[in-house]
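So the structure is just underneath, and the comments pick up after that.
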DNA sequence: CGCCAATCTGAACAACATCAAGTTCCATGG
DNA sequence: CCATGGAACTTGATGTTGTTCAGATTGGCG
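Protein chains in written order, with this note's numbering: chain A, -2 to 202; chain B, -2 to 202.
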């Protein structure tokens, strides 16, 4: 029963846990991904870290606050994943701009499909209870905003149409990811639908 | 405290409850809209109907099954609401087709904003545990499919672009509704964004 | 070295989901 | 008219949950 779960340094199973707060968040994320947020118990998370249930209350007001942190973590991971994928494709030609757009879309959907429960909790009421999570204004949109500017400057998108349509793209990607994750859109149709989106905004002809 | 919720006949508060199953679903829907699905307790729902907690287990396998029914109900209400709004606008000119499209979008977003918790549970894992809920294939898309056909036949939309893009539209509407409901898109921007969408698909010029 | 504040434990509580066994009701057939 | 069977519901109990609180333990600061 040694608590070798994820403690940074098991310095003789000391009474104090190096960094309990983030250890709890980490375990909670894992638990959420396994069984879904609605079936996660505070006690199970605490047990996984090897700590008594009440210890958590020195770091979080209540269970919802812990899940709020999980939600924030999920949003952060999503934004990171999309940003990374987009950044891996060079800026330049009009074709490159289209590829970046597609990379963003694929990364978004990919994340939702590979971490469904985390994705779900990231867009649940939990994320609103605690501030400091990246919303459309400071987190996910900058990536997309650059993307669209890119498309415009390389002639792939009409400037007057582009203006102020970041949110429309976010909405489309988010809806696509959500519905695909829930099985309402078959995942094999996603590439085809992405092509369709490019057609609709006139990026591909 | 009479159980006048929705019993077909309150024949003297009899031991048997005329139609407990749907009464429970009805109360659960109300409770979900009040506090959100994750904070609904079986006991509270049963108490609201005036029945013992265990009575519910003669109609539902467990709490999740009850919430599954709530989810199905929510989806059904959503589809109904959108269908009704769309049907209230006559078919005919190209302008009428555009108005119908806009009515559908507005109804979708409207529903999400006025019943956020019900909307949320409708697109939660609960809806997948029980079959028989309208998915994109048999429930929400037919409305949209007609809508797009309408747009094509009146010259508002290119036929080759339209083909197979129902899901893209559903995704966009769903994403818009979801993100607006969660405050990630300010609700006052919705009309503007709908106009943007019409611009993008070339329906409005 | 001694003390303080932060950290964690253990036991406790009420509310919860769930289940087994008992109770009430209704319909049916004799 | 009454027994009888099964469905609908209740009661009571069990184990788990979120949450609290008094106290034990610790690292670090003076």
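Note that beta-carbon positions come from the ideal geometry of N, C-alpha and C, so glycine has one too.
At a CB distance below 8 Å, what residues from the segment 164 to 185 of chain A approach chain B? Give them in sequence order. Per Cβ criterion, the list reads 164, 165, 167, 168, 169, 170, 171, 172, 173, 175, 176, 179, 180, 181, 182.
Within 8 Å of any Cβ in chain B, is that where the Cβ of residue 33 (chain A) sits? With 8 Å as the cut-off, residue 33 (chain A) counts as an interface residue toward chain B.
Review point. For a contact meaning CB atoms closer than 9 Å, what does residue 193 (chain A) contact in chain B?
Key: By Cβ distance, chain B contributes 158, 160, 161, 162, 164, 165.
Can you pull the chain A residues whose beta carbon is under 9 Å from the beta carbon of residue 198 (chain B), in chain order? Listed along chain A are 197, 198, each with a C-beta nearer than 9 Å to that of residue 198 (chain B).
What do you get for residue 147 (chain B), buried or exposed, if any count of 16 or more other CB atoms within 10 angstroms of its CB means buried?
-> Around the CB of residue 147 (chain B), 16 or more other CB atoms lie within 10 Å, so the residue is classed as buried.
Please name the residue, chosen from B:139, B:116, B:168, B:197, that lies closest to residue 179 (chain B) on a Cα-to-Cα basis.
Cα-wise, what sits closest to residue 179 (chain B) is B:116.
Check your understanding: So what does DSSP say about residue 177 (chain A), is it helix, strand or coil?
Key -> Three-state DSSP puts residue 177 (chain A) in a helix.
Do the CB positions of residue 21 (chain B) and residue 42 (chain B) come within less than 8 Å of each other? Closer than 8 Å, so yes.
Which residue marks the beginning of the alpha helix (DSSP H) containing residue 157 (chain A), and which one marks its end?
For residue 157 (chain A), the enclosing alpha helix (DSSP H) has its first and last residue at 156 to 159.
>> At 4 residues or longer, what runs of the alpha helix (DSSP H) sit wholly inside the segment 11 to 51 of chain B?
In response: Given a length threshold of 4 residues, each whole run of the alpha helix (DSSP H) inside the segment 11 to 51 of chain B is given here in chain order: 17 to 32, 39 to 46.
Next on the checklist: Under DSSP, the alpha helix (DSSP H) around residue 98 (chain A) begins and ends at which residues?
Outcome noted: Start and end: 91 to 111.
For the alpha helix (DSSP H) that residue 85 (chain A) lies in, which residues bound it at each end?
If you look at residue 85 (chain A), you'll find it isn't in any alpha helix (DSSP H); DSSP assigns it neither H nor E.
- Do residue 64 (chain A) and residue 165 (chain B) have their C-beta atoms closer together than 8 Å? Not a contact, by the Cβ cut-off of 8 Å.
Select from B:161, B:170, B:111 the residue whose C-alpha is nearest the C-alpha of residue 188 (chain A). Closest by C-alpha distance to residue 188 (chain A), out of B:161, B:170, B:111, is B:161.
Q | the segment 101 to 118 of chain A / the segment 170 to 184 of chain A touching (three or more Cβ pairs under 8 Å) | A | Result yes; three or more Cβ-Cβ pairs closer than 8 Å.
*Could you tell me whether any Cβ in chain B is nearer than 8 Å to the Cβ of residue 188 (chain A)?*
No, no contact with chain B.
Review point. Closest Cβ-Cβ distance between residue 139 (chain B) and chain A: below 8 Å?
Key: With respect to chain A, the C-beta atom of residue 139 (chain B) has no partner C-beta closer than 8 Å.
Three or more C-beta pairs below 8 Å linking the segment 59 to 73 of chain A and the segment 14 to 28 of chain A: Taking 8 Å as the limit for Cβ pairs, the verdict is that the segment 14 to 28 of chain A does touch the segment 59 to 73 of chain A.
If you run the structure through DSSP and keep just helix, strand and coil, what is residue 192 (chain B)?
Residue 192 (chain B) sits in a helix when the DSSP states are folded into three classes.
Is residue 150 (chain A) helix, strand or coil by DSSP? Helix at residue 150 (chain A).
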